[in-house]
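Asker:
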Amino acid sequence: MRVIITGAASGIGQAVAQRLQEGDVIRGDHRMLLVDRDTDGLARVADMIGPAAAILKADVTDEADSAIIAAAALDHMGGIDGVVSNAGAIAAGTLMQMTPADYDRLFAVNTRATWLLARATYPYLRESRGALVATASMAATQPTPPLGAYAPAKAALRMLIRQLSVDWGPDGIRCNCVSPGPTLTGMTAAGYADPARRAEREAAMPLRKLGTPADVANAILFLLSPLAGHITGIDLLVDGGLSNCLMIANGGGAGHAPAAS
Ligand SMILES: NC(=O)c1ccc[n+]([C@@H]2O[C@H](COP(=O)([O-])OP(=O)(O)OC[C@H]3O[C@@H](n4cnc5c(N)ncnc54)[C@H](O)[C@@H]3O)[C@@H](O)[C@H]2O)c1
Numbered sequence: 000m001r002v003i004i005t006g007a008a009s010g011i012g013q014a015v016a017q018r019l020q021e022g023d024v025i026r027g028d029h030r031m032l033l034v035d036r037d038t039d040g041l042a043r044v045a046d047m048i049g050p051a052a053a054i055l056k057a058d059v060t061d062e063a064d065s066a067i068i069a070a071a072a073l074d075h076m077g078g079i080d081g082v083v084s085n086a087g088a089i090a091a092g093t094l095m096q097m098t099p100a101d102y103d104r105l106f107a108v109n110t111r112a113t114w115l116l117a118r119a120t121y122p123y124l125r126e127s128r129g130a131l132v133a134t135a136s137m138a139a140t141q142p143t144p145p146l147g148a149y150a151p152a153k154a155a156l157r158m159l160i161r162q163l164s165v166d167w168g169p170d171g172i173r174c175n176c177v178s179p180g181p182t183l184t185g186m187t188a189a190g191y192a193d194p195a196r197r198a199e200r201e202a203a204m205p206l207r208k209l210g211t212p213a214d215v216a217n218a219i220l221f222l223l224s225p226l227a228g229h230i231t232g233i234d235l236l237v238d239g240g241l242s243n244c245l246m247i248a249n250g251g252g253a254g255h256a257p258a259a260s
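Under numbering that gives the first Met the number 0, think of the first position of the sequence shown as 0, with each following residue one higher.
1. Under DSSP, the alpha helix (DSSP H) around M76 begins and ends at which residues?
2. Terminal residues of the continuous alpha helix (DSSP H) containing L105?
3. Scan the segment 174 to 245 and note each continuous beta strand (DSSP E) run of 3 residues or more that stays entirely inside, going in chain order.
4. So G81 is in the beta strand (DSSP E); what residue range does that whole segment cover?
5. Of the residues T134, L19, L146, which one's Cα is nearest the Cα of L159?
6. Thinking C-alpha only, which one of D170, T184, P225, M137 is nearest L245?
7. With a CB to CB cut of under 7 Å and the five nearest residues on each side skipped, what residues in its chain are close to G129?
8. From which residue to which residue does the alpha helix (DSSP H) around D39 run?
9. Which whole-angstrom value is the C-beta distance of A155 and L105, which I expect to be below 8 Å?
10. Identify, in the order they occur along the chain, each residue of the same chain with its Cβ nearer than 7 Å to the Cβ of A248, setting aside the five sequence neighbours on each side.
11. List the whole-angstrom C-beta distance separating A238 from G180, where the pair is believed to meet the contact cut-off of C-beta under 8 Å.
12. Could you compute how far the alpha carbon of A227 sits from the alpha carbon of Q20?
13. When burial is assigned at 16 or more other CB atoms within 10 Å of the CB, is H29 buried or exposed?
14. Rank K208, D170, Q13 by C-alpha distance to the C-alpha of S84 and give the top, closest one.
15. Taking A8 and G40 to be in contact with their CB atoms under 8 Å, please state how far apart those CB atoms are, rounded to whole angstroms.
16. Is any heavy atom of ligand 1 found at a distance shorter than 7 Å from the C-beta of D37?
17. What residues in its chain sit with their C-beta under 7 Å from that of G240, if we drop five residues either side in the sequence?
18. Label P142 either buried or exposed according to how many other C-beta atoms from any shown protein chain fall within 10 Å of its C-beta, with 16 as the threshold for buried.
19. Mind pulling the beta strand (DSSP E) runs of 3 or more residues that sit fully within the segment 126 to 164?
20. For a test of the three-state rule: what should DSSP assign to R26, helix, strand or coil?
21. What do you get for K153, buried or exposed, if any count of 16 or more other CB atoms within 10 angstroms of its CB means buried?
22. What span of residues does the alpha helix (DSSP H) with A53 cover, start to end?
23. Any heavy atom of ligand 1 inside 7 Å of the beta-carbon of T134?
24. Tell me whether the beta-carbon of L73 lies closer than 8 Å to the beta-carbon of Y123.
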């Protein structure tokens, strides 16, 4: 399978690259284009994967870069079977504390970037009858007070994916998203550095543990794979069951533990 992975320099994106390379979820020989704006992280992940991976420094919010990503994928892989639109970002602060620029930035990376990449890769996904998977968040369905516009941006991403699934269904292209709950990655590490806070969060989760990047990557690869060949337009929660008991155990708030600042 020939796959573009954004946000591949760390966390969930890195795990998608590693799990794809390991071949447990999708068997076969895979090639991948790893995209991120963090060049050091990209080089580190590419070293782990070997020659199957090419890397590209790009900003997924930039329209010109979306065309560059598609061109680089064709160059390295000769076509595109899968797109994992996973790059994302959070910002602490309530909606009233945010500036319009903060708001636009969060929508640019968490929503619009997936649309830009979808536009740029559409002809190649149509050719391969491929699949696109985006990383949304449990915050797409659960208001998350400390994270201002992040939850609305992920909610919009969820609908973008449903809309794309209907637009692209007749072309045989499947579009889905996964919604992680609390997952230990670079995005959340500072928030979970305090053992008491981490223990409190884990105690609130039915499975009594945070998610790992591999947990989320396995769900993404399932949705990319032929095993999900009749599944399109869904949002697959990977939250350890947390969304079923937020009102009881968590006092509101989903998905992330941002640093206090
Ligand atoms: N960790 C969690 O608890 C959690 C929960 C729900 C959803 N998510 C989502 O999972 C996805 C992956 O996040 P993660 O937890 O692995 O965090 P992470 O910080 O480890 O990875 C995010 C990656 O995206 C890259 N990135 C950010 N903005 C970019 C841009 N404009 N252009 C190119 N690359 C950019 C970063 O450099 C980073 O490598 C995100 O979409 C995030 O919103 C994470």
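From the three backbone atoms N, C-alpha and C, an ideal C-beta is built for every residue, glycine too. As the structure is a prediction and not an experimental result, all values here were calculated from the model.
Answerer: Inspection of the coordinates gives the following:
1. 62 to 76
2. 99 to 106
3. 234 to 237
4. 81 to 84
5. T134
6. M137
7. I79, D80, G81, I172
8. 38 to 48
9. About 10 Å separates the two Cβ atoms, so there is no contact after all.
10. Since pLDDT at A248 reaches only 44, below the 50 mark, its modelled position is unreliable, and no value is offered.
11. Inspection of the sequence shows that residue 238 is occupied by Asp rather than by Ala. That belief holds up - the Cβ atoms of D238 and G180 are roughly 3 Å apart, short of 8 Å.
12. 19 Å
13. buried
14. Q13
15. 3 Å
16. yes
17. M204, P205, L206
18. exposed
19. 130 to 134
20. coil
21. buried
22. Looking at the DSSP string, A53 is not in any alpha helix (DSSP H); the run it does join, the beta strand (DSSP E), is 52 to 56.
23. yes
24. yes
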